[in-house]
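The working numbering numbers the first residue of the sequence shown as 46 and each following residue consecutively.
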Amino acid sequence: MRSRTPDRLCAEAVDLAREAAEEAALPGTVGEHIDAVADGDRVVTHLFACNEPGYRGWRWAVTVARASRAKVVTLDESVLLPGPDALLAPEWVPWSERLRPGDMGPGDLLPTEADDLRLEPGFTGEDAPPPNSPIAEGMAADVADSEEADVLPGSPAIQPAPERGSIAAVAEELGMRRARVLSRYGLHSAADRWEDAFGAKTAMAQAAPATCVSCGFLTPLPGSLGQAFGVCANEFAPADGRVVSLGYGCGAHSEAAVMPKPPRPAAPVVDETIVEPLSLRPERDGGSVEETGPAEELGHS
C-alpha cells in the first residue's frame, strides 16, 4: 500500500534531485523547489518550477528512491511534466476532422478514405461477360454482322468485342466509368448543403421577386439533381457560378419587375347632356331672392 508520508531520507534529497533536473534542463531554467510527493514506500518525487519560456506552469519532476534498510538515496528518473496551471497545446484532432471548406490551396492534396460514405464503387469492368458465355457469343455475332467489323476466321466466340456496344463503352458514355461514384448518402449531403446556402429559406430568396425556376440565367443540372437544382449564370447575381435551388431567388432575376411609370391624368371629357342646377343669388338692394341660371350668371340674356 502506498505511504502518504514521504520517506524522510528521500524527502531530504533535494540537492540530488536538483542536480538531476539541472542536468536535463537548459542552464538556469530550474526554479525553486515546490513540493515532495510520496509515490510509494521509500519513493519520493521532487517538483521544481520550470523557468523556461514557453513552458509556463510546467514543473521538473525528479523521482528518487532507496532500498529497504538502505541509507543511500538513488536517482530514479527526471521528467518535465505540466502542472495544474500549465500552458498546454490543444487536444490533437485528426486533419480529417479539422478540415473545413475553403482550406485547400493550390498544390494541396486531399486523400479520400477508402470507406468514405459519400462514395460507392463505380464501374470496374467485373460485370463484363465471360469469353465463352452466350452473351459474349451474341456480342461477337453482332460484330460479324456489322460492315465495319473485322471478322476473324473461326467461331463467333473469338470475334473481337464491339467497342461502342460494350459495357465499358456505355459506362464511359454515361460518365460512370470511374472507380467510385457518388453514393446516395453523398448525394443527399450535397443537396442539403446547397439548400442551406442557396435555398428557398434564405433571406435573399424570401425578398426576391421570383424564383430561379423561372429565371433565364439558370443552367439546369443533368441527372436527378436537376429536379431541384441548377447553376446560376448571372455575373451580377450573388450566386453566380454556384449551385442554387430552384426555389432560390434574388433581385437579379431575368424577369425582375421594373419601376412602374408615374400615372398620367386622363384627358378631360365635356359632357353636354348634363343639366346645370339653378343657383340662388340675393338682390343688391335687399329684399326677395331671385333664381338665376348659369346663362344669367355669365351675363347672357
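No residue lacks a Cβ here, since even glycine has one placed at the ideal position from N, Cα and C.
Span of the beta strand (DSSP E) holding W103? W103 to A110
Alpha carbon to alpha carbon, how far is D241 from F281? Give it in angstroms, no decimals. 21 Å
Spatially closest choice to L120 from L144, P135, P139 and V89, by CA coordinates: In terms of Cα proximity to L120, the closest of L144, P135, P139 and V89 is V89.
Reduced DSSP secondary structure (H/G/I, E/B, other) of D86: coil
Could you check if L133 is buried or exposed, using at least 16 other CB atoms within 10 Å of its CB as the buried criterion? exposed
Assign I180 to one of three DSSP states: helix, strand, or coil. Low per-residue confidence applies at I180: pLDDT is 48, beneath 50, and the placement is therefore not dependable enough to give any value.
Is DSSP giving C55 helix, strand or coil here? helix
Beta-carbon contacts of Y230 that lie in its chain and below 7 Å, excluding the five residues immediately before and after: Within the same chain, Y230 has close Cβ partners L162 and R163.
Report back the beta-carbon spacing between A236 and A297 to the nearest angstrom; my notes put them in contact at under 8 Å. Contact doesn't hold; Cβ gap of about 23 Å is too wide.
Using only the alpha-carbon positions, how far apart do V289 and H233 sit? 15 Å
Neighbourhood of E192 by C-beta, 6 Å cutoff - its chain only, sequence neighbours within 5 removed: Because E192 carries a pLDDT of 46, less than 50, the predicted location of this residue cannot be relied on, and the following value inherits that uncertainty. The answer is none, since no qualifying residue turns up.
Please report the straight-line C-alpha distance between H91 and L61, rounded to a whole angstrom. 10 Å
Starting from the N-terminal side, write out each stretch of the alpha helix (DSSP H) that is 4 residues or longer and does not extend beyond the region 238-283. Residue ranges of uninterrupted alpha helix (DSSP H) with 4 or more members, entirely inside the region 238-283 and ordered along the chain, are 248-251.
Nearest-angstrom Cα separation, counted from A115 out to S123: 22 Å
For E217, three-class secondary structure by DSSP: helix
Where T157 falls, given that 16 or more other Cβ within 10 Å makes a residue buried: exposed
Using DSSP with H/G/I as helix, E/B as strand and the rest coil, what is E165? In the structure shown, E165 sits in a strand (DSSP, three-state: E or B).
Do E165 and L126 count as a contact pair if the criterion is CB distance below 9 Å? no
Please report the distance separating the alpha-carbon of P267 from that of G292. 17 Å
Report yes if the CB atom of A58 is closer than 9 Å to the CB atom of G76, and no otherwise. With respect to the 9 Å criterion, A58 and G76 are not classified as neighbours on the basis of their beta carbons.
Roughly how many whole angstroms lie between the Cα atoms of A112 and R53? 13 Å
Between the alpha carbons of E97 and E64, how many angstroms are there, rounded? 17 Å
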